[in-house]
Each structure stands twice: as structure tokens, then as C-alpha cells.
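Mapped onto the working numbering, the consecutive letters of the sequence shown carry residue numbers 10 to 252. Ideal Cβ placement from N, Cα and C applies to all residues, glycine included.
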Amino acid sequence: RWFTHFYVVSVLWNGFLLICLFRAAFLGESLPSWIQDMHRALGRDSQSKDMGNEHFSALLVLLLLWLHSCRRLAECLWTSVFSSGVIHIVQYCFGLGYYIAVGSTALCQVPTNVRNGKKLSVQICWYHIIGVMMYIWASLHQHRCFAILAKLRKSRSGKVVSLSHSVPFGDWFESVSCPHYFAELLIYVSMSITLGIHNVTWWCVVMYVLFNQALAAVLCHEFYQKNFSSYPKHRKAFIPLVF
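Set out below in C-alpha cells:
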């Protein structure tokens, strides 16, 4: 349930950044000065020209990130059934900071001429199409997996009847123990593709998501194996047929 707080912050913050970038890219307005100051310290102010179509790529990624946060918030509020577990205050603060930082990282990929209020044209490229299609595909599967997990704790009428753990079946659960974590990785990979594949900064974000989700998947996989003697032996922890 603590993830609800993270996604509330993410929806509000990334929505604000999305509006600022949209107004800068299409209405010729400048980004707020404090955002420009922040990106002067973290960004690429040495680059003054738009290389290729980076302004639209960054806008699209920020939109995908915001939509992802909106969907996850909706799932936390109306789909998922959480246990009574707690979270360490350090982990909680780190989670809040992460969802603020990841949106700022996406905005930081915008060339300085967009930050300074110069309107730019839009050109849709092949990697935008592939990235968005992959994002939709991974998001659909992630939602199905969360719905499967929620049904394990609900009756047919939709009423919560248990907070205990059960073995899930269906969709990607037939191949891995934590397909929702795998889908999360694919979502961030799709954003990296949308940025043009070559963006090193966003691949660093992908690597963080990989290690973070892989660790969580291994712990969950070991829990299933320890507590359910009949747990399917062919299931991997995180990546189908691999890990």
C-alpha cells in the first residue's frame, strides 16, 4: 500500500514536468528558471542544438512515464490487495526520491534550445513506434498479472477474503514467479528505445531497474519455493527461460 504514495507523487510531479515540457516544445515558452538551473547542473547545457528528434523523444518518454504512474496508481487503489506489511523509512524516502528523479532524468534529455523556449517541429521515427508498441504490450501483461495476484485474495464477488499468499497461475506466471517485475523492466527498456536506443543516461536507469527488480524477484521466488512444496519447478524467478 505504500506504493500508492509513490505513485501519487509520480503522477503529480511528472504531470507538472510534462505540462512544462509541452508548453516549451510547442508553445515556445521557456521552462521555469529553477528547472533550467537544475538541468544546468545535471544536464547537457554544452549541447545547444537538437540532435535528431530528441525533444519529441523526451516528451514522449515523459508522457509514457506519467501514464505508467497513472495506471499503477489506479491499480494500487482499485485492483491490488496489499498485506499488512511495513516499509523502512529509508526505503520509503528513497522510493519518493526515485520517482521524482526519474522524471527529471527524462526531462534532462531535452536539448537546451527547447529549454530556452524555441518551438520545434515533430517528426515521428521508427524507434518511437517500436518503443510505444513495446510499452503497451508490457503494460497490458503487467496489468493482467496484478489482476491475477489480486484475485488470489478475493472471492468471486470481488470481496477480499484473505491476505495470505497463494501460488498464481495464468499469463506470464506460467513461465516466471514475478512477471510483473519482468514487465516493469520491459517498460523501462521500451522508454530507452523511444529515446533512440543510444541514450546512455536512460540505459543507466534501465540497469537500476534490472538489478532492483531482479533482487525482488529472487526473494519472492525463494519464498514460493520454501512455502509451497508443489511449486512448479520449471518456473524461473524473473526472466523466462533465463533467470
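Asked: Nonlocal neighbours in the same chain, by C-beta distance under 7 Å from Cys134, ignoring five residues either side; Found: Asn62
Asked: Paired residues, beta bridge with Lys245 - DSSP; Found: Val185
Asked: Segment limits, alpha helix (DSSP H) that includes Phe232; Found: 209-236
Asked: Of the listed residues Leu172, Leu68, Gly24, nearest to Gly94 (C-alpha basis); Found: Leu172
Asked: Selected residue, minimal CA-CA separation from Gln2, among Arg244, Val214, Ser78, Leu149; Found: Since the displayed the chain opens at 10 and closes at 252, residue 2 lies outside it and no answer follows.
Asked: Within 7 Å, strictly: CB atoms of Ser66 and Thr210; Found: no
Asked: Collapsed DSSP secondary structure at Val251 in the structure displayed; Found: coil
Asked: Identity of the residue in Ser92, Leu71, Ile139, Leu82 nearest Ala110 by Cα; Found: Leu71
Asked: N- and C-terminal bounds of the alpha helix (DSSP H) containing Lys168; Found: That residue, Lys168, is in no alpha helix (DSSP H); it is neither H nor E in DSSP.
Asked: Opening and closing residue of the alpha helix (DSSP H) in which His150 lies; Found: 135-160
Asked: 8 Å contact criterion, which Ile248 and Phe191 should meet: CB distance rounded; Found: 6 Å
Asked: CB contact flag (Phe155, Ser201, <7 Å); Found: no
Asked: Neighbourhood of Ala246 by C-beta, 7 Å cutoff - its chain only, sequence neighbours within 5 removed; Found: Val185, Ser186, Cys187, Ala226, Val227, His230, Phe252
Asked: Given 8 Å, three or more beta-carbon pairs between the segment 96-114 and the segment 11-27; Found: yes
Asked: Alpha helix (DSSP H) segments (min. 4 residues) lying fully within the segment 40-121; Found: 42-51, 63-87, 98-116
Asked: Integer Cβ distance of Ile206 from Tyr144, believed to fall under 8 Å; Found: Actually they are not in contact, since the Cβ atoms of Ile206 and Tyr144 sit about 14 Å apart, beyond 8 Å.
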